[in-house]
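In our numbering, the protein residues as written are 60 to 538.
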């Protein structure tokens, strides 16, 4: 009995063992076959700045797409929630690859700016927008300069090699792998900077500004820096100054500056004659000169005799708002300088009437151009500055001025002339002639129209231009 009973237990156990083994094998095979597979994986090629992201906290970060066999957790959902709320831009993320599984799921590969985290996170069912565990993230928000910032002049508080003395190509840690503009600012400890952009880092909430060296010949240190790492050299002193805003008639501030009014306590009466002439109530000369210098190149002027610009009982520490009006439209002529193929320097050309021009060779035709057809001048608000790029664009876009022609000469029964095209222009102000360099090319005449038509001429007379060691100096007076 015992033997028979023991045998039956043994057999039963063996059968059960086989059944259990079969179940385990089936389960393992099922688990293996249920793992997702990556059907595509590619690098993201859209503008990198549009691929700044943060976690939503609903999904973990994995070493592989999360449902693929062998995927391990790099950061749990708790960690991704904390990274979403981080107050350090080191924890900004950039997405750089996208993968799709055979289940239709999208996964993005991301890396933190400090490279502490790298892995795959679920991104929804479409690769056209971030979803699921990711969302787009604006790491920096550009703002609007205050009047003080626009008019401020600044120095680096801690010039050198330390972090707080450096400038950056973008505000620090707001773009992946975009770092310092310069590794050592010691040479700029005495440099004066102006500010042309301002904004706030999203995570820290701190203010960054873009600084420009006022010595424009050296721009190596220009870049973004924390505002608190600057010292303002023209900060407003309420005891001795008034803040002056120059507005246009729309109320928009054109320029701002601080002006000493001869006091040593806040809310004291401005000293007589510092801002206004007490008898006429017009601007005092020193103040008028400061206003005119502030508006130089803007095309605006202020009438110091206008009652609109007079404030009785002006007090130190207060704000004085004065109003400027825009000048009238006026045109600028061009002083043309030619660069000829066999000459080392440049020389100014002059307009000659066809009846006065009878060159017998290429040399005699140099520095001479035929009259230009009547054309519109380079026009803008009188006194307003224009750039070299704008001036060159005007020349190249003008039907007559984009190609100038010299008188014709004959060589071996073939007619030739110099054809000049603009290669460089110089900045200036509307209402004043500006200078431009034209490149001359010897060209066979193929058209019966060999000139520039008539003598209604937008070319400035030769006396208005000057050449100094091969450089053009823009004219300083009108015709």
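All residues carry an ideal CB built from backbone N, CA and C; glycine is no exception.
Relative to the alpha-carbon of residue i, which residue among the options has its alpha-carbon at the smallest distance?
i           : options            : result
residue 406 : 417, 498, 355, 372 : 498
residue 440 : 148, 387, 225      : 387
residue 181 : 462, 194, 167      : 167
residue 308 : 340, 421, 384      : 384
residue 503 : 420, 184, 273, 170 : 420
residue 408 : 398, 473, 156, 417 : 398
residue 142 : 116, 154, 161, 127 : 116
residue 271 : 227, 157, 242      : 227
residue 452 : 465, 442, 443, 438 : 438
residue 444 : 332, 208, 358, 338 : 358
residue 150 : 317, 174, 329, 338 : 174
residue 202 : 189, 264, 274, 164 : 264
residue 478 : 490, 435, 431      : 431
If I'm right that residue i touches residue j with Cβ under 8 Å, what's the distance once you round it to whole angstroms?
i           : j           : result
residue 235 : residue 178 : Incorrect: roughly 16 Å between the Cβ atoms, too far for contact.
residue 298 : residue 322 : 7 Å
residue 343 : residue 334 : 6 Å
residue 304 : residue 206 : 6 Å
residue 269 : residue 279 : Their Cβ separation, rounded to whole angstroms, is 14 Å, which puts residue 269 and residue 279 out of contact at 8 Å.
residue 137 : residue 200 : So it is not a contact: roughly 28 Å between Cβ atoms.
residue 363 : residue 347 : 5 Å
residue 101 : residue 156 : 7 Å
residue 488 : residue 456 : Wrong, their Cβ atoms sit about 20 Å apart, outside the cutoff.
residue 261 : residue 197 : 6 Å
residue 424 : residue 481 : Actually they are not in contact, since the Cβ atoms of residue 424 and residue 481 sit about 19 Å apart, beyond 8 Å.
residue 213 : residue 160 : Not quite, the Cβ-Cβ distance comes to about 53 Å (not below 8 Å), so this is no contact.
Using the rule of at least 16 other Cβ atoms within 10 Å of the residue's Cβ for burial, across every protein chain shown, is residue i buried or exposed?
i           : result
residue 223 : exposed
residue 454 : buried
residue 400 : exposed
residue 515 : Because the pLDDT at residue 515 is just 43, under 50, the model does not fix this residue reliably, and the value given afterwards should be weighed accordingly. It counts as exposed.
residue 459 : buried
residue 536 : With a pLDDT of only 26 at residue 536, under the threshold of 50, the placement of this residue in the model should not be trusted, and no figure is reported.
residue 518 : buried
residue 154 : buried
residue 276 : exposed
residue 433 : exposed
residue 118 : buried
residue 356 : exposed
residue 290 : exposed
residue 476 : buried
residue 135 : exposed
residue 95  : buried
residue 113 : buried
residue 474 : exposed
Taking only three categories from DSSP, how would you classify residue i?
i           : result
residue 295 : coil
residue 208 : helix
residue 224 : helix
residue 219 : coil
residue 424 : helix
residue 177 : strand
residue 518 : strand
residue 333 : coil
residue 162 : coil
residue 456 : helix
residue 390 : strand
residue 120 : strand
residue 481 : strand
residue 470 : strand
residue 375 : coil
residue 247 : helix
residue 358 : coil
residue 103 : coil
residue 114 : strand
residue 289 : strand
Grab me the residues of residue i's own chain with a C-beta within less than 6 Å of its C-beta, minus the 5 sequence neighbours each way, in chain order.
i           : result
residue 361 : 350, 381, 383
residue 374 : 326
residue 312 : 206, 304, 306
residue 241 : 279, 280
residue 483 : 496
residue 250 : 272
residue 378 : 302
Grab me the residues of residue i's own chain with a C-beta within less than 7 Å of its C-beta, minus the 5 sequence neighbours each way, in chain order.
i           : result
residue 133 : 120, 121, 122, 176, 178
residue 238 : 227, 228
residue 131 : 121, 122
residue 353 : 305, 314, 316
residue 183 : 165, 190, 191
residue 218 : 224, 244, 245, 247, 248
residue 145 : 262
Just to check, is the beta-carbon of residue i closer than 7 Å to a non-hydrogen atom of the ligand GDP?
i           : result
residue 197 : The ligand GDP is not part of this structure, which contains no ligands at all.
Which residues in the same chain as residue i place their Cβ atom closer than 8 Å to its Cβ, once the five residues preceding and following it in sequence are excluded?
i           : result
residue 426 : 397, 406, 407, 408, 409
residue 320 : 299, 300, 301, 329, 330, 333, 334, 373, 375
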